[in-house]
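Sequential numbering of the sequence shown, starting at 75, is according to this note's numbering.
The block underneath contains the structure these notes are about, expressed in structure tokens.
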Amino acid sequence: MERSIFEPEHEELRASFRAWLDKEVVPHAVEWERAGIVPHALFTEAGRHGFLGMAIPEEHGGGGTVDFRYNQVIAEEIQAAGVFGAGVGITLHNDICLPYFLTYCNEEQARRWLPGIASGELVTAIAMTEPGIGSDLAGMSTSAVRDGDSYVVNGSKTFITNGINADLVITAVKTDPSQKHKGMSLLVLERGMEGFERGRNLEKLGLHSQDTAELFFNDVHVPAENLLGTEGEGFIQLVHNLPQERLSIAVGGVAAARAALGWTLDYVKERTAFGQPVGSFQNSRFVLAEIATEVEVGQAFADQCVTALNKEELSAEEAAMCKWWMTEMQKRAVDRCLQLHGGYGYMMEYPIARAYADARITTIYGGTTEIMKEIIGRSLGL
Ligand SMILES: Cc1cc2nc3c(=O)[nH]c(=O)nc-3n(C[C@H](O)[C@H](O)[C@H](O)COP(=O)(O)OP(=O)(O)OC[C@H]3O[C@@H](n4cnc5c(N)ncnc54)[C@H](O)[C@@H]3O)c2cc1C
Numbered sequence: 075m076e077r078s079i080f081e082p083e084h085e086e087l088r089a090s091f092r093a094w095l096d097k098e099v100v101p102h103a104v105e106w107e108r109a110g111i112v113p114h115a116l117f118t119e120a121g122r123h124g125f126l127g128m129a130i131p132e133e134h135g136g137g138g139t140v141d142f143r144y145n146q147v148i149a150e151e152i153q154a155a156g157v158f159g160a161g162v163g164i165t166l167h168n169d170i171c172l173p174y175f176l177t178y179c180n181e182e183q184a185r186r187w188l189p190g191i192a193s194g195e196l197v198t199a200i201a202m203t204e205p206g207i208g209s210d211l212a213g214m215s216t217s218a219v220r221d222g223d224s225y226v227v228n229g230s231k232t233f234i235t236n237g238i239n240a241d242l243v244i245t246a247v248k249t250d251p252s253q254k255h256k257g258m259s260l261l262v263l264e265r266g267m268e269g270f271e272r273g274r275n276l277e278k279l280g281l282h283s284q285d286t287a288e289l290f291f292n293d294v295h296v297p298a299e300n301l302l303g304t305e306g307e308g309f310i311q312l313v314h315n316l317p318q319e320r321l322s323i324a325v326g327g328v329a330a331a332r333a334a335l336g337w338t339l340d341y342v343k344e345r346t347a348f349g350q351p352v353g354s355f356q357n358s359r360f361v362l363a364e365i366a367t368e369v370e371v372g373q374a375f376a377d378q379c380v381t382a383l384n385k386e387e388l389s390a391e392e393a394a395m396c397k398w399w400m401t402e403m404q405k406r407a408v409d410r411c412l413q414l415h416g417g418y419g420y421m422m423e424y425p426i427a428r429a430y431a432d433a434r435i436t437t438i439y440g441g442t443t444e445i446m447k448e449i450i451g452r453s454l455g456l
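Put into structure tokens, the structure is as follows:
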């Protein structure tokens, strides 16, 4: 169906970003998958072309337009190009980390950090998860004890996207360990701070070119001017920004399903079995008809959610609905498309194989499907 959400300027960005991906990312995707990381310079390249920090005010070097449709276009094209692993660091930087800086930086912090975030010289990450906790965030234990005009940070984080490449890490800490939610704050840790160590670049099932890492904090003295927002309000800040994080994952999910559908349609038209194209079997037609339907239905809701986010009307429950449904649909669609590729679907040289491995995380990170249903269930008065 024709989508009514975009204006000509979004389609211009789509064309230029897709051309950039085809030139700068697709040819290196396999090499970066093997390396387990994209070069830091990919971010400066993206920044140079205006693909980072579209929402950053112009006076701080950004695009000056707060409009999530630009982020959506970027997420969609990363999936269409089959380079989710290489591109997810960019969407994390733009969609998930940047809003914290935009909303909570004071003037001095904005001057210090926003230009580098827009240019890609300062790659960002957000560190909430710890080895012992993920879903139950308020149970985290990384501590930040005030000592004069610094905080002394101790603890560790794990599964941190952009963990190796990041220069600025928004770190959820406990400034008051006696409290659960009310004891949390957000501190920005910077590359090179003494006692801030990177652990392993973790070996994952998919998203191989994405650096997902452990971080360790041993008596890191973080200047108090790196506090983002107000002490003790970290949990509220996270809750405020999670709908956009979840929508980012959801729009990528439906785009991934659409990409898988396209690759599979091409494949089943070419491949023959029993003297006829695989696509002519009734089962293939039904499977692909179901996926095409789910993609169209899902897209309509995802686009509605983007419109609501742009109007600052997207609720936590709607974002949760969008996230769990699109990512479960992505997982289902990619799995079924792989099946229609037969044995070739299991070969990494086919994009469907990588998409299958990459899809598995989307129902887990950014809040699991089960946690999304908890949020929705609670809103139903249950
Ligand atoms: C590749 C990757 C990238 C990531 N990137 C980041 C990042 O950049 N920053 C960051 O902070 N984190 C990141 N994460 C962490 C991710 O957000 C967590 O893994 C996720 O939130 C789940 O937490 P957990 O792994 O501790 O699982 P757990 O919380 O231990 O959950 C285990 C199982 O129990 C279920 N469960 C838990 N609580 C409930 C409940 N109340 N009701 C029903 N079921 C429940 C869960 O749904 C899940 O199925 C990343 C993870 C991965 C794998």
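For every residue, glycine included, the Cβ atom is placed at its ideal position computed from N, Cα and C.
In this text the structure is predicted, and so the values were computed from the model without any measurement.
In this structure, E423 has its CB at a distance of at least 7 Å from all heavy atoms of ligand 1. Counting along the chain, no alpha helix (DSSP H) covers E264; the unbroken beta strand (DSSP E) around it starts and ends at M258 to E264. Counted as a single uninterrupted DSSP element, the stretch harbouring L87 is not any beta strand (DSSP E) but the alpha helix (DSSP H) occupying residues P82 to W94. By alpha-carbon distance to R185, the top candidate from A218, E133 and A155 is E133.
Separation of V226 and F291 (C-alpha to C-alpha, rounded to the nearest whole angstrom) is 9 Å. Here the distance from the Cβ of T286 to the nearest heavy atom of ligand 1 is below 7 Å. Put simply, the stretch 320 to 329 touches the stretch 365 to 381. At least three CB pairs are less than 8 Å apart. When secondary structure is reduced to three states using DSSP, D293 falls in the strand class. In this structure, Q311 lies away from T235, with their beta-carbon atoms at least 8 Å apart. CA-to-CA, the gap between A329 and M214 works out to about 33 Å. Within its own chain, no residue has a Cβ closer than 6 Å to the Cβ of D409 once the five positions on either side in sequence are excluded. For L188, DSSP assigns no beta-bridge partner whatsoever.
Note that the C-beta distance between A393 and L321 is below 8 Å.
Taking C-beta separations shorter than 8 Å and ignoring five residues to either side along the sequence, the partners of G110 in its chain run N275, E277, H282, S283 and D285, following chain order.
Using a cutoff of 7 Å, the CB of F233 counts as near ligand 1, since one of the ligand's heavy atoms is closer than that. Within 7 Å of the C-beta of D96 there is not a single heavy atom belonging to ligand 1.
As summarised for the stretch 219 to 291, the continuous beta strand (DSSP E) elements at least 3 residues long and confined to that stretch are 224 to 235, 242 to 248, 258 to 264 and 270 to 275, given in chain order. With fewer than 16 other beta carbons inside 10 angstroms of its own, P101 counts as exposed. S209 and T437 have their C-alpha atoms some 13 Å from each other.
Taking C-alpha positions only, Q153 is separated from E448 by approximately 28 Å. Here T216 is not near S193, since their CB atoms are 8 Å or more apart.
Secondary structure of T203 (DSSP, three-state): coil. Remark: the C-beta of E364 is outside contact range of ligand 1, defined as less than 7 Å to any heavy atom. Taking a C-beta distance under 8 Å as the contact criterion, A155 and V243 do not qualify as a contact pair. In the three-state DSSP reduction, L412 falls in the helix class (H, G or I).
Secondary structure in the stretch 108 to 175: the alpha helix (DSSP H) runs of 4 residues or longer, each lying completely within the stretch, are 115 to 122, 142 to 154 and 158 to 165 in chain order. In terms of CA proximity to E264, A201 leads the group A201, F348 and T443.
Inter-segment contact for the stretch 82 to 95 and the stretch 118 to 138 is present: three or more beta-carbon pairs are separated by less than 8 Å.
For G136, the closest alpha carbon among the candidates T177, P189 and Y174 is that of P189. Taking each of L116, G303 and L316 in turn and checking the Cα distance to T442, the smallest one comes out for L316.
As a beta-bridge residue in DSSP terms, Q350 pairs with A347.
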